[in-house]
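Mapped onto my numbering, the consecutive letters of the sequence shown carry residue numbers 574 to 803.
Notes follow once the structure below has been shown.
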Amino acid sequence: MSFGTSTNRLHFERSFAPLDAPDSFELSGKGLSLFLDKPSGKVVTEDHVNNKVAEGSTFNSTFTILYGRVTYNFSGPAVAGVVSAAILIAPTNDEIDIELVGGLATQWQTNIFAPAPFETKPLYKTFSSLQDYPHGPKTVEGTHSYTIDWSPERIVWSVDGSDVRTLRAEETEVNGTFHYPSHPARLQFGIWDASTPAGTSEWARGPIDWESAPGRMSAMFKGIEVECPY
């Protein structure tokens, strides 16, 4: 489905639901803009975190898939502390992630989560990996097609048609348990402020410096394609 003035709004609204206020996004001829707005009042930075977090914008699909190929065509701002994300997420907290971290603008990140019942903390860095751009604009600000190809045996991430990472199910064993996503998942995409807590802010190269950052930033989604060949 392409996003623009020719988008069938009924089909769009049946397929995707906003999780935030109606003014947090706009569907126009350019695509689907998801906004991140500066918090009202003074934002104070202390110990590398902000005391206020900006309102972002997130959409969920109204449907789930269990294995398949999903392509997100989008771009995000190259501003430290801002994250634009396109993921698959299950009620069990299984995740397959594509993340554009504004403070690392020349690369993009891939990750998975499939927490075991006995684990008290997510394995944030265990399966995380940085990817380069083999084609086109080599920055998150450029529009790229990011694909998650998910089967029972492996996940392949690609950008602009080039495979950049393969993670096999047998490679996800930690603490005697496999951490491979295997539950029906929704599509979720959005933009958010990673200025707190401290660990998140550090990962996102934050916090956002609102003295220099625009008061409104946006992730631009041009379209999403879903195939279920498995």
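Beta carbons are placed, not taken as given, at the ideal position from N, Cα and C, and that holds for glycine.
Note that the coordinates shown come from a computational prediction; the quantities given were computed from them, not determined experimentally.
Range of the contiguous beta strand (DSSP E) that encloses residue i
i, result
"Leu703", "702-704"
"Gly715", "Gly715 -> no beta strand (DSSP E), and no H or E assigned at all."
"Leu673", "668-674"
"Ser791", "789-800"
"Leu677", "Premise fails: Leu677 is in no beta strand (DSSP E) and is neither H nor E."
"Ser597", "Careful: Ser597 lies outside any beta strand (DSSP E) and carries neither H nor E."
C-alpha gap between residue i and residue j, whole angstroms
i, j, result
"Tyr803", "Arg642", "9 Å"
"Thr578", "Leu605", "10 Å"
"Gly614", "Glu743", "50 Å"
"Ser648", "Gly715", "6 Å"
"Ser588", "Val617", "39 Å"
"Glu800", "Glu784", "43 Å"
"Pro695", "Arg727", "21 Å"
"Glu775", "Thr750", "28 Å"
"Gly657", "Asp670", "The sequence given here has Ser at residue 657, not Gly. Approximately 11 Å, taken between the alpha carbons."
"Ala687", "Pro787", "36 Å"
"Gly676", "Val655", "7 Å"
"Thr665", "Val652", "31 Å"
"Val713", "Leu673", "6 Å"
"Ser812", "Asp736", "This structure cannot speak to residue 812, because the chain is shown only from 574 to 803."
"His717", "Thr580", "20 Å"
"Asp804", "Arg778", "Outside the displayed span of the chain (574 to 803) sits residue 804, for which this structure offers no information."
"Trp681", "Gly734", "15 Å"
"Glu798", "Pro612", "33 Å"
"Ser724", "Leu740", "11 Å"
"Ile721", "Phe576", "19 Å"
"Phe691", "Thr699", "17 Å"
"Glu586", "Leu607", "15 Å"
"Val729", "Glu668", "14 Å"
"Ser791", "Thr693", "34 Å"
"Gly796", "Arg738", "22 Å"
"Pro780", "Ala678", "15 Å"
"Gly772", "Phe636", "32 Å"
"Ser597", "Ala689", "34 Å"
"Thr527", "Ile660", "In this structure the chain extends from 574 to 803, so residue 527 is not present and cannot be described."
Classification of residue i by the beta-carbon crowding that lies within 10 angstroms, buried from 16 upward
i, result
"Met793", "buried"
"Asn684", "buried"
"Asn646", "buried"
"Tyr753", "buried"
"Thr769", "buried"
"Pro650", "buried"
"Val747", "exposed"
"Leu583", "exposed"
"Met574", "exposed"
"Asp620", "exposed"
"Tyr697", "exposed"
"Gly763", "buried"
"Ser731", "buried"
Terminal residues of the alpha helix (DSSP H) in which residue i lies
i, result
"Glu586", "582-588"
Would you call the segment 623-636 and the segment 591-599 touching, i.e. three or more CB-CB distances under 8 Å? Output reads yes: the segment 591-599 touches the segment 623-636.
Note down, one range per segment and in chain order, each alpha helix (DSSP H) of at least 4 residues found wholly within the segment 717-781. Runs of the alpha helix (DSSP H) inside the segment 717-781: 771-776.
Using a Cβ distance threshold of 8 Å, determine whether the segment 611-627 contacts the segment 690-707, with at least three qualifying pairs required. Cβ pair count under 8 Å is below three, so no.
Please go through the segment 610-660 and give each complete beta strand (DSSP E) segment of 3 or more residues, from N-terminal end onward. Fully enclosed beta strand (DSSP E) runs of 3 or longer: 630-638, 641-648.
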